[in-house]
Amino acid sequence: FTDAQYQDMNVISGAGALTIANADNSSGSAAVAGAVAFADIGNVTTAQVIDSQVNMAGEVNVLAQSDSEQINVGLGLAVNASGDQTTANSAAGSVTIGRAGNKTAAKLVNTGINSTGSDVSVLAANQNRIANGAGGLAGGGKNSVGMTVTWADVADTTEAVIDAGIVQGVGQVSLQALD
Numbered sequence: 013f014t015d016a017q018y019q020d021m022n023v024i025s026g027a028g029a030l031t032i033a034n035a036d037n038s039s040g041s042a043a044v045a046g047a048v049a050f051a052d053i054g055n056v057t058t059a060q061v062i063d064s065q066v067n068m069a070g071e072v073n074v075l076a077q078s079d080s081e082q083i084n085v086g087l088g089l090a091v092n093a094s095g096d097q098t099t100a101n102s103a104a105g106s107v108t109i110g111r112a113g114n115k116t117a118a119k120l121v122n123t124g125i126n127s128t129g130s131d132v133s134v135l136a137a138n139q140n141r142i143a144n145g146a147g148g149l150a151g152g153g154k155n156s157v158g159m160t161v162t163w164a165d166v167a168d169t170t171e172a173v174i175d176a177g178i179v180q181g182v183g184q185v186s187l188q189a190l191d
């Protein structure tokens with residue numbers, strides 16, 4: 013007897029900005045560029061056997077597996093190529109944000125299992141990968157500023173539960189929550 017739930021997700025976000033200023037006057041010029049890349053994953057993956065009676069079923073497996081990957085890239089470029097560099101300014105920046113709030117659960121609740129030596133396995137596995145990259149390049153002018161910020165927030169929950177049931181006559185009982 014097997015109850016399995018699988019979820020696999022890939023997210024790629026990217027943003028870019030390029031500004032070029034090329035003024036031929038002495039009143040001043042500015043090149044400003046900014047980029048933001050954002051991704052948010054919130055998978056809910058649950059495999060469960062609830063309020064059941066399982067007799068002579070052989071191996072009993074309850075598996076919930078969630079895999080997610082996100083790649084976030086932001087790049088801001090500003091170039092000031094104005095003739096009068098004494099009054100020219102440039103600024104560039106980028107921000108990348110990656111968030112994950114996956115909930116993965118494998119549950120055997122209020123369920124009786126009566127077997128002849130077969131194994132019982134309850135497994136919840138969550139694997140979350142976030143890759144963030146950001147860049148800011150400003151060039152030219154009397155004043156140039158480049159700025160970059162990257163942030164990742166992971167708030168995953170993973171649980172494997174055997175609750176309020178009777179498991180008898182089985183071989184090995186395996187209970188795993190892997191994150």
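For what it's worth, this note's numbering labels the leading residue of the sequence shown as 13, then goes sequentially. Glycine is no exception: its CB is placed at the ideal position from the N, C-alpha and C atoms. On a predicted model such as this, the values are computed, not experimentally measured, just so you know.
I need the straight-line Cα distance from GLU71 to LEU89, nearest angstrom please.
Whole-angstrom Cα-Cα distance: 59 Å.
Where in the region 63 to 121 do unbroken runs of the beta strand (DSSP E), each at least 3 residues long, occur, reported from the N-terminal end onward?
Runs of the beta strand (DSSP E) inside the region 63 to 121: 65 to 67, 72 to 92, 100 to 112, 115 to 121.
By DSSP's criteria, VAL132 is part of a beta bridge. Which residues make up the other side?
The partner list for VAL132 (beta bridge, DSSP) reads VAL72, VAL185.
Thinking C-beta only, is GLN188 closer than 9 Å to ALA172?
For ALA172 and GLN188, yes; Cβs fall inside 9 Å.
Could you tell me which residues DSSP pairs with ALA43 in its beta bridges?
DSSP, once it has assigned bridges, lists SER102 as partnering ALA43.
How about THR31 and ALA118: do their beta carbons lie closer than 9 Å?
Not closer than 9 Å, so no.
Helix, strand or coil for GLY152, going by three-state DSSP, please let me know.
Three-state DSSP puts GLY152 in coil, outside helix and strand.
Measuring CB to CB, does GLY129 end up less than 9 Å from VAL56?
No, these two residues do not count as a Cβ contact at 9 Å.
According to DSSP, simplified to helix, strand and coil, what is PHE13?
Three-state DSSP puts PHE13 in coil, outside helix and strand.
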